[in-house]
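First comes the structure, then the notes that go with it.
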Amino acid sequence: MFVRAYPGGKPASPPSGPSLLLPFVADGELLVHHDRHGARLLRAETAPEGALFVGTLDGLPCLAYTQPSTADDDAVEPEDIKRLGLRSLFGHMSDDEVTVAGYASQLIRWQKNARFCPACGGPTHNDDGWNQKCAACGFSHYPPATPAVLILVHDGAGNILLAQKEGWGKRYSILAGFVEPGESLEDCCRRETVEEVQVTVGECTYDGSQPWPFPHQLMVGFVCRYESGTITPDPTELSHAAWFHHTALPELPPSYALSRQLIDRWVAQQGK
Ligand SMILES: [Zn+2]
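Structural data, given as structure tokens:
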């Protein structure tokens, strides 16, 4: 189980002893141990200097840092180390390890991008938890988490609205969109379905969420009942959109994605 280091208050220090390492290289890829059994986080007996303690995974401290380009790792054979983008960790690592990697990547980026105050440009310092505070003007800011909705539209008769974007190949998925400032999640579902396919929906029911660290989204899934309108995809957003019967679905997103989990749960409910 992953336990975050900062449930509240000041950053904690990692316990001594063996730890899990999350070395990020310049383009956001993570160095991991990789062999024919799959990928897993690197392990080390000593903590790299300046590493960020992000939490513990099954009791082992997780330490994130930016890997200097010339460094090597004595603890693991170099041929067993691979650079992997965060997306390729899904399905190759445990869910907990993917969670840690996604969290750590956002905190590393946060530390890099939040060094100066967005209000006055003055230097900031770590104040409380992950908060960065400006000494000059007092402005404080926190790591962002940007909500986006996933919208499963169904017609109540076994059909689901699926759409396709340029570059997706044969794959279809449910609609999605970013929440606007001052907007509820349900209103976002209703606005996005009109904008993207000119369809209105009625009741919107929450059905799960998933952190999506690309770069700092929180996906929030809703199941929405179709009300009116003929599917007319916005060509700037979608290449195709249509109703599909639950017994004749096209190629769908991979199982680790919340969009697919929503579809699978909805399909399992059909015919019951
Ligand atoms: Zn300031």
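If you count by the numbering used here, then the sequence shown holds residues 6 to 277, one letter each, in order.
All residues carry an ideal CB built from backbone N, CA and C; glycine is no exception.
Beta carbon of residue i: closer than 7 Å to some heavy atom of ligand 1?
i	result
Cys122	yes
Phe144	yes
Gly127	yes
Ala153	no
Cys67	no
Ala119	no
Ala141	yes
Residues in the same chain with beta-carbon distance under 7 Å from residue i, minus the five sequence neighbours each way, listed in chain order, please.
i	result
Gly107	Leu91, Pro216, Pro218
Closest by CA to residue i, which one among the options?
i	options	result
Gln266	Ile179, Pro149, Leu62	Ile179
His38	Glu54, Phe121, Ser99	Ser99
Pro19	Ala49, Gly161, Val59	Val59
Leu57	Asp85, Asp269, Cys122, Ile113	Ile113
Tyr231	Thr241, Val206, Ala253	Val206
Gly163	Asn118, His250, Pro66, Gly143	His250
Pro255	Ile165, His97, Pro53, Gly33	Ile165
Lys277	Gly161, Lys170, Leu47	Gly161
To which residues of the same chain is residue i closer than 6 Å at the C-beta, ignoring the five residues directly before and after it?
i	result
Tyr11	Gly134
Leu94	Val103, Ala106
Ala124	Cys142, Phe144
List the endpoints of the continuous alpha helix (DSSP H) containing residue i.
i	result
Arg270	263 to 274
Ser93	91 to 94
Provide the residue span of the beta strand (DSSP E) that contains residue i, from first to last.
i	result
Arg1	As shown, the chain starts at 6 and ends at 277. That puts residue 1 outside it, with no answer to give.
Val199	Looking at the DSSP string, Val199 is not in any beta strand (DSSP E); the run it does join, the alpha helix (DSSP H), is 190 to 202.
Tyr211	205 to 217
Gln72	No beta strand (DSSP E) holds Gln72; DSSP gives it neither H nor E.
Looking only at its chain, what residues have a beta carbon closer than 8 Å to the beta carbon of residue i, apart from the 5 residues adjacent to it on each side?
i	result
Pro238	Ala168, Glu201, Val202, Ser244, His245, Ala246
His130	Gln137, Lys138, Ala140
Pro148	Gln111, Leu112, Trp115, Ala119, Trp135, His221
Are the C-beta atoms of residue i and some chain B residue less than 8 Å apart?
i	result
Ala109	The structure shown contains no chain B; it is built from a single protein chain.
- request: Examine the Cβ distances between the stretch 150 to 157 and the stretch 223 to 232 and report whether three or more of them are shorter than 8 Å.
  value: These segments touch.
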